Structures are given as structure tokens and as C-alpha cells.
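Q:
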Amino acid sequence: MVLSLHEPKWKNPMFESIPSWWRATSPDDSAVDVRKALETIDSPFFLVDTGNGPEAHTSGEIRLGCDKPGDQWHPALATVRALPISALGSRSFLKRHGLRFPYIMGAMANGITSEAMVEAAGKNGMLGFFGSGGCTLPRIKEAIARLKQAAAAEPFPFGFNFLHHHGAPEAEMALCELYLSEGIRCVSAAAFLTMTMALVRYRVTGIHQKKDGQVAVPNKVIAKLSREELAEKFMSPPPAEILKKLHARGLITDTELALAPRIPMADDITAEADSGGHTDNRPALALLPAIQAVRDRLMETHGYPEKIGVGLAGGISAPVSATAAYAMGADYVLTGTINQACVEAGTAEPVKAALAQARQADVTMAPAADMFEMGGKVQVLKRGTMFAMRAAKLFALYKEHSSIEALPESDRVFVEKKILGKPLEQVWQETKAFFEERDPSQLAKAQSDPKHRMALIFRSYLGQASLWAIRGIPERSGDYQIWCGPAIGAFNAWTKGTPLASPDNRDVTTVAFNLLVGASVEARSRILASQYPSLAGIRFLPKTREALARCSVEIR
Numbered sequence: 039m040v041l042s043l044h045e046p047k048w049k050n051p052m053f054e055s056i057p058s059w060w061r062a063t064s065p066d067d068s069a070v071d072v073r074k075a076l077e078t079i080d081s082p083f084f085l086v087d088t089g090n091g092p093e094a095h096t097s098g099e100i101r102l103g104c105d106k107p108g109d110q111w112h113p114a115l116a117t118v119r120a121l122p123i124s125a126l127g128s129r130s131f132l133k134r135h136g137l138r139f140p141y142i143m144g145a146m147a148n149g150i151t152s153e154a155m156v157e158a159a160g161k162n163g164m165l166g167f168f169g170s171g172g173c174t175l176p177r178i179k180e181a182i183a184r185l186k187q188a189a190a191a192e193p194f195p196f197g198f199n200f201l202h203h204h205g206a207p208e209a210e211m212a213l214c215e216l217y218l219s220e221g222i223r224c225v226s227a228a229a230f231l232t233m234t235m236a237l238v239r240y241r242v243t244g245i246h247q248k249k250d251g252q253v254a255v256p257n258k259v260i261a262k263l264s265r266e267e268l269a270e271k272f273m274s275p276p277p278a279e280i281l282k283k284l285h286a287r288g289l290i291t292d293t294e295l296a297l298a299p300r301i302p303m304a305d306d307i308t309a310e311a312d313s314g315g316h317t318d319n320r321p322a323l324a325l326l327p328a329i330q331a332v333r334d335r336l337m338e339t340h341g342y343p344e345k346i347g348v349g350l351a352g353g354i355s356a357p358v359s360a361t362a363a364y365a366m367g368a369d370y371v372l373t374g375t376i377n378q379a380c381v382e383a384g385t386a387e388p389v390k391a392a393l394a395q396a397r398q399a400d401v402t403m404a405p406a407a408d409m410f411e412m413g414g415k416v417q418v419l420k421r422g423t424m425f426a427m428r429a430a431k432l433f434a435l436y437k438e439h440s441s442i443e444a445l446p447e448s449d450r451v452f453v454e455k456k457i458l459g460k461p462l463e464q465v466w467q468e469t470k471a472f473f474e475e476r477d478p479s480q481l482a483k484a485q486s487d488p489k490h491r492m493a494l495i496f497r498s499y500l501g502q503a504s505l506w507a508i509r510g511i512p513e514r515s516g517d518y519q520i521w522c523g524p525a526i527g528a529f530n531a532w533t534k535g536t537p538l539a540s541p542d543n544r545d546v547t548t549v550a551f552n553l554l555v556g557a558s559v560e561a562r563s564r565i566l567a568s569q570y571p572s573l574a575g576i577r578f579l580p581k582t583r584e585a586l587a588r589c590s591v592e593i594r
């Protein structure tokens, strides 16, 4: 197919200094549509002047920097190398985790990143982390059993979230012990502010020296963070004082104690920009290079034999954002918010429908249940729900008053009728029952500290609000807490008017391969445009599973 171009006489300036020539090598080397040629990502792209105008080809022979070799040779106006999606990101990252593609489906709490989502990721050469935050140990153990069973016949990689338990070290250690006993070899460490006994124990358990003298580390840690000082802690060896305490308690061996100073706390760091849920709202363009710089400095300081990977999360919403991440040197990308609107997500259909209608400005920050007293916040959907406003009211009351009993009558009535929907005493009894099962130490503290008792009552609303959304409780729809970043708005804008606009058609692997293939096509498109500006602006459009197959993608 002959291309119709606005600048038919334009020439690649490189041709003047490095003449390029192309010729067909078989009858199959016929011209194709330029978009189709760019989307054939496993093949090179040649833009050729055959005398009848520019033509796009995906095969043939190229010669550079020479006089015209013969009559069958034609001027090559532009050349773009093949860019299969397995070539995106870092090969060492893929090898380390047994993956085919540099793409992670991040952990969303309370099982929103479900077993089905994690399985779909693993079977398609990616990595998924089950959203174990907020789940009971029996629920996490159930998820482990399901994924082990699914991977029994044909193994695939998977991991679990290792969420920091603020103020509850016993619960965090219990999670560590569960993962160790169940042989979970890869975790996503999130919400940590410093290294803890439980996380260090998980990391160093089982390390040993190989025949070549290097340290084998069976338990992989991918840390998600947004601050350079925290990145430095994860890229450094485990703290000596924690190692000594673990050893004194018999929780690590002599060998593990001796070898631990030779390894970093994490294999990879996910630089988390403006994401849903817990976030510092950091700009990706500033954050990723900053974390990479910390990595480079600490690699030189400690001389680790294997380079620590740095990926990017927060705002990965369309092919162009994934292209930008890889172009900036991200070893992988991690998605979260956009997966929540997919069929495999462990949340209610009304939530998926609301997310599919959201725009970039339809998000806001609200108090976080797990870091309520510290003023921690999460990013949530504000469209169609009053959660953010009501949660902010509870936090304001907590800051202003010393106890539930100290609340003015008007505020007490407002909280009971407009927010909690039941008497405060009833909520306290329900809260007590919850913590008797999860963390009895919180009740002991509440008995001696009325303000802590108030915090637990208010936190019960915040914690349940996410469950009301996940379960789709109709009478609490105005209180839905839906963790969400602005990425969902950008994704919806990109998919508008296509089959992926409907959440019924959004499965996580189709979404993932659209971003990966699209990232490759967008990168190739920009290389082409730099050589032949008339073809600038060719964008990758959302594709169905069937259409992706024509881009050399096999979805399982």
C-alpha cells in the first residue's frame, strides 16, 4: 500500500551522511499499511521510496553507509528495529523472577487483587501479588492453597503482599511465619517506614552460600515506596541490631546472621508515584530518576553482585505512560488502579462500573484506616460517594477531642446518624469483637487510653467502608471507600469508544498486553517520526484479544 504523505519530498537528514538502501528478498516483501507495519512489533520497519512514493515494509534487506548497491535497491527513508514486548524493561528482572514480560499486577488489599487475577498474570508470563492486606491469616492461607493448586500442574510465578502492621508487630510476625511455613518465595513489601523484625526475618531465612561464593537468597522482596530515604534502607543490608535480636531469639541461624550483611533488603524497588490507596502523590518524572540514583550509589557502596531493579508504579494508565516509564529506564511497570475495574478484581460490580466512568479529577485524599492516628491518607474515588468527606470529619473530631465522651452532643448525633448509622456504643462492641480476633493488644491499650478507644471506633468506619464497596452493600453505597488514582481517568479516556470502555470486556491480561504492545508500538512510532515527521502522531488504539493475537501476542 502506497502511503499518502503531506511532505512527499522530505528526506531523512541522516540519509545524506549515512545513505541507506533497501531491497526485497522474497515475493512476500510487499508493501503494507504503515500502522500494521508498526504493530508488527517482532519485525523491523522499513519506509522505502520505490519511485511510486513511500512504502512500509516489514522484511527485506538493508544496507547502510554505502553507494547504491544495484538497480534492485531503493532509498530507505526510515528504519525502525523490531521491539518485542519481552525486550521492554530489564532482562535481569525477568530472569530473577522467572517472567516473560516486565509487568506486575500490584497488590490491592482485601483480596481486590484476587487469586484469579494473580493466576492470570502468572500464566501469561507476568507477576501478580495477592492483596492480603486487611485479610485474616485463614483467608490468606486459603489464597495460598488456591494458587498452589492452580500452579501444581503447570507452575507459574506468584507472590503475596507483605503489608506493614503499624503498631502491631505480633501480627506482622505471624504473617511472616505464615509465608515462611507455606513456602511463599516472593512478597511485595508495602507501607513500611523502616525495617522490622518480621520483614528482616523473612528476607534472611534460608540464605546460604553457593559453590561460587555468592549468597543465595530464596525469599525475594519487591519493596514499594516513594521516598529516597526509605529506598536507601531497602537497598542496604538488614540492620545489624535487628539481626542480633533475631539470632538471640533463635529465629535465624548462625549462617544467616553471618551472610545477611552481604545482601540488600530488597531485590527490586517499585517507585510508587501518584497511585491509588497509600500514596505520597509523588510525580513520576521526578521520583523514578531519584530512586535510580539511590540505587546506583548504593550498588557502588555495597558492591552487590546483582543489580537491584527499579520499576515504576502510579499513573501507568495507557501505552504512552508505559513507553515513558521504559524510556526512563524502568526495569518494569506495576499497575493497580486500572486492574480494579477488570472482571477478575475481587470487588463488586457497582464499584467497577463507577471506576469505568471516572475521570482524572474524580479522586481525592482521605484518612487511612491503618495509619489514622498518624494522619496517614489514601487516595480514593470521590465521585458518587461521601466517604472522603465523612472520613475527614471523623479525623477532625479525633484531633479536637480526647475521647468519645468529650464529643459535643451535636457532633455525637451527627456521627451516629450520618456516618456510622448506629449508636457509638454498638459500634464499640462490634469493634471489640473485631480486635479480640485480630489484635487483642489494641483493646488493652484502649482500656487505659480513651483517645485510642475513640480512634478504634472511628477506624472501624474507615475499615468497613472498603469492605462495603468490595461486597457491594447497596445501603452503604454512599460510604464506599474505593482506592483509586488518577490513572483510571486516563485509562478511561484512552479506551473511550472501544470495546475496553466497558468493564465487562476488561480482563487483566487483555489490559496488560494492550499496555505492553502499545508501549512497543508507541516507542517505534516515535523513532519513525524522528526520521520522517510526516508520520508523527500514529497512536496505538485499544485492541481485543483477537486483534492482539495479530501483534504476535498469545493470551492464555
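According to my numbering, the sequence shown is numbered sequentially starting from 39. Quick reminder that beta carbons are idealized off the backbone N, C-alpha and C, glycines included. None of the values given here were measured: they were computed from a predicted structure.
#1: Does the stretch 393-404 touch the stretch 566-574, meaning 3 or more C-beta pairs lie closer than 8 Å?
#2: What does DSSP give as the partner residues of Arg61 in its beta bridges?
#3: Looking only at its chain, what residues have a beta carbon closer than 8 Å to the beta carbon of Leu326, apart from the 5 residues adjacent to it on each side?
#4: Quick one: what's Ile123 bridged to in DSSP?
#5: For Ile182, name the three-state secondary structure that DSSP assigns.
#6: What does the alpha-carbon distance come out to for the pair Ile245 and Ala206?
#7: Using a Cβ-Cβ cutoff of less than 7 Å, which residues in the same chain neighbour Leu458 once the five nearest sequence positions on both sides are dropped?
#8: Measure the Cβ-Cβ separation of Pro256 and Pro275 and say whether it is below 7 Å.
#9: With DSSP collapsed to three states, give me the class of Asn543.
#10: Given a threshold of 16 other Cβ atoms within 10 Å of its Cβ, counted over all protein chains shown, does Arg333 qualify as buried or as exposed?
#11: Assign Gln187 to one of two classes, buried (16 or more other C-beta atoms within 10 Å of its C-beta) or exposed (fewer than that).
#12: Determine, for Ile280, whether the minimum Cβ-Cβ distance to residues of chain B falls below 7 Å.
#13: Assuming contact is defined by CB atoms lying nearer than 7 Å, are Ala154 and Glu382 in contact in what I supplied?
#14: Would you mind giving the Cβ-Cβ distance between Arg134 and Asp305, rounded to the nearest angstrom? I have them listed as a contact below 8 Å.
#15: Going by beta carbon distance, what residues of the same chain come within less than 6 Å of Ala254, once the five residues before and after it are set aside?
#16: Under a Cβ-count criterion, where at least 16 other Cβ atoms within 10 Å of its own Cβ denotes burial, should Cys104 be classed as buried or exposed?
#17: Of the residues Met492, Pro195, Gln480 and Ala189, which one's Cα is nearest the Cα of Leu132?
#18: Residues bridged to Tyr370 by DSSP?
#19: In the DSSP output, what is Lys415 paired with across the bridge?
#20: What is the rounded straight-line gap between the Cα of Ile511 and the Cα of Leu284?
#21: In the structure shown, what three-state DSSP assignment does Ala444 receive?
#22: Look at Gln519 and Val418 and say whether their C-beta atoms are less than 7 Å apart.
#23: Take the Cβ of Leu494 as the centre, count every other Cβ of all protein chains shown within 10 Å, and call the residue buried at 16 or more, exposed below.
#24: At which residues does the alpha helix (DSSP H) containing Lys390 begin and terminate?
#25: Flag this pair as yes or no: are the beta carbons of Ala116 and Leu566 separated by less than 7 Å?
#26: Can you tell me whether DSSP reads Cys224 as helix, strand or coil?
#27: Could you say which of Leu76, Thr317, Leu289 and Val156 lies nearest to Phe230 if we only look at CA atoms?
#28: Between which two residues does the alpha helix (DSSP H) containing His135 stretch?
#29: Mapping the DSSP letters down to three states, classify Asp306 as helix, strand or coil.
#30: DSSP three-state label for Ala191, please.
#31: Less than 8 Å between the CB atoms is what I'm expecting for Thr76 and Arg577, so what's the real figure, rounded?
#32: When you compare the CB positions of Leu148 and Gly172, do they come within less than 7 Å of one another, or not?
#33: Taking the DSSP output, what are the residues bridged to Met143?
#34: Which two residues bound the contiguous beta strand (DSSP E) that contains Val348?
#35: Straight-line CA distance for Ala62 to Ile354?
#36: Using a 10 Å radius around the Cβ and a threshold of 16 neighbouring Cβ atoms, would you call Ile56 buried or exposed?
A: In short, the structure shows the following:
#1: The stretch 566-574 vs the stretch 393-404: no contact.
#2: Your numbering for residue 61 matches position 23 in the sequence shown. DSSP, once it has assigned bridges, lists Glu99 as partnering Arg61.
#3: On the sequence shown, position 288 is the one that residue 326 refers to. Once the five neighbours on either side are set aside, the close Cβ partners of Leu326 are Ala309, Ala311, Val348, Leu350, Ala363, Met366, Gly367 and Ala368.
#4: Taking the sequence shown and counting its residues from 1, one reaches residue 123 at position 85. Bridge partners of Ile123: none, in fact.
#5: Here residue 182 refers to the residue found at position 144 of the sequence shown. When DSSP states are grouped into helix, strand and coil, Ile182 belongs to the helix group.
#6: For the purposes of this step, residue 245 is identified with residue 207 of the sequence shown, where counting begins at 1. For the purposes of this step, residue 206 is identified with residue 168 of the sequence shown, where counting begins at 1. Each residue's CA atom was taken as its position, placing Ile245 and Ala206 some 27 Å apart.
#7: On the sequence shown, position 420 is the one that residue 458 refers to. Here the set comprises Val465 and Tyr499.
#8: As a working mapping, residue 256 is identified with position 218 in the sequence shown. As a working mapping, residue 275 is identified with position 237 in the sequence shown. With respect to Pro275, Pro256 sits apart: the two C-beta atoms are not nearer than 7 Å.
#9: For this step, residue 543 is matched to residue 505 along the sequence shown. Looking at Asn543 - three-state DSSP - the assignment turns out to be helix.
#10: For the purposes of this step, residue 333 is taken as residue 295 along the sequence shown, with counting starting at 1. Arg333 should be labelled buried.
#11: The residue given as residue 187 occupies position 149 in the sequence shown. With fewer than 16 other CB atoms across the displayed protein chains lying within 10 angstroms of its CB, Gln187 is exposed.
#12: The chain inventory of the structure shown lacks chain B, comprising one protein chain alone.
#13: As a working note, residue 154 is residue 116 in the sequence shown. As a working note, residue 382 is residue 344 in the sequence shown. For Ala154 and Glu382, yes; Cβs fall inside 7 Å.
#14: Within the sequence shown, the letter at position 96 stands for residue 134. Within the sequence shown, the letter at position 267 stands for residue 305. At roughly 6 Å, the Cβ-Cβ gap stays under 8 Å, so Arg134 and Asp305 are in contact.
#15: As a working note, residue 254 is residue 216 in the sequence shown. Take Ala254, set aside five residues on each side of it, and the residues of its chain with a beta-carbon closer than 6 Å to its own are His246 and Lys248, in chain order.
#16: Here the question's residue 104 lines up with position 66 in the sequence shown. Classified as exposed, Cys104 has fewer than 16 neighbouring CB atoms from the shown chains inside 10 Å of its CB.
#17: Counting from 1 along the sequence shown, the entry for residue 132 is found at position 94. Looking only at Met492, Pro195, Gln480 and Ala189, the smallest Cα-Cα distance to Leu132 is reached by Pro195.
#18: The count along the sequence shown starts at 1 and reaches residue 370 at position 332. DSSP output for Tyr370 lists no bridge partner at all.
#19: Along the sequence shown, one-based indexing puts residue 415 at 377. Lys415 is bridged to Pro405.
#20: Taking the sequence shown and counting its residues from 1, one reaches residue 511 at position 473. Taking the sequence shown and counting its residues from 1, one reaches residue 284 at position 246. One C-alpha to the other measures close to 44 Å.
#21: Along the sequence shown, one-based indexing puts residue 444 at 406. DSSP places Ala444 in coil when its eight states are reduced to three.
#22: Position 481 of the sequence shown, counted from the first residue, corresponds to residue 519. Position 380 of the sequence shown, counted from the first residue, corresponds to residue 418. Val418 is positioned such that its CB atom lies closer than 7 Å to that of Gln519.
#23: Taking the sequence shown and counting its residues from 1, one reaches residue 494 at position 456. Classification of Leu494: buried, given that the 10 Å Cβ count is 16 or more.
#24: On the sequence shown, position 352 is the one that residue 390 refers to. Run containing Lys390: Glu387 to Gln395, per the alpha helix (DSSP H) assignment.
#25: Counting from one through the sequence shown, the residue named residue 116 turns up at place 78. Counting from one through the sequence shown, the residue named residue 566 turns up at place 528. Yes, they are a contact pair.
#26: Within the sequence shown, numbered from 1, the residue matching residue 224 stands at position 186. Secondary structure of Cys224 (DSSP, three-state): strand.
#27: Mapped onto the sequence shown, residue 230 falls at position 192. Looking at the Cα atoms, Thr317 is the closest of the given residues.
#28: One-based indexing of the sequence shown puts residue 135 at position 97. Element bounds for His135: Arg129 to His135.
#29: Mapped onto the sequence shown, residue 306 falls at position 268. Three-state result, Asp306: strand.
#30: Position 153 of the sequence shown, counted from the start, is the residue given in the question as residue 191. Ala191 falls in the coil class under three-state DSSP.
#31: For the purposes of this step, residue 76 is taken as the residue at position 38 of the sequence shown. For the purposes of this step, residue 577 is taken as the residue at position 539 of the sequence shown. Reading off the sequence, residue 76 comes out as Leu, not Thr. Between the beta-carbon of Leu76 and that of Arg577 there is about 10 Å, and that puts the pair past the 8 Å contact cut.
#32: Here residue 148 corresponds to residue number 110 of the sequence shown, with the count starting at 1. Here residue 172 corresponds to residue number 134 of the sequence shown, with the count starting at 1. Note that residue 148 is Asn in the sequence shown, not Leu. Closer than 7 Å, so yes.
#33: Here the question's residue 143 lines up with position 105 in the sequence shown. DSSP output for Met143 lists Gly166 and Thr373 as bridge partner(s).
#34: Start at 1 with the first residue of the sequence shown, and residue 348 comes out as number 310. Counting along the chain, the beta strand (DSSP E) containing Val348 begins and ends at Gly347 to Ala351.
#35: Here residue 62 is taken as the residue at index 24 of the sequence shown, counted from 1. Here residue 354 is taken as the residue at index 316 of the sequence shown, counted from 1. If you take the alpha carbons of Ala62 and Ile354, they lie about 39 Å apart.
#36: As a first step, residue 56 is located in the sequence shown; it is residue number 18 there, counting from the start. Exposed, because fewer than 16 other Cβ atoms sit within 10 Å of the Cβ of Ile56.
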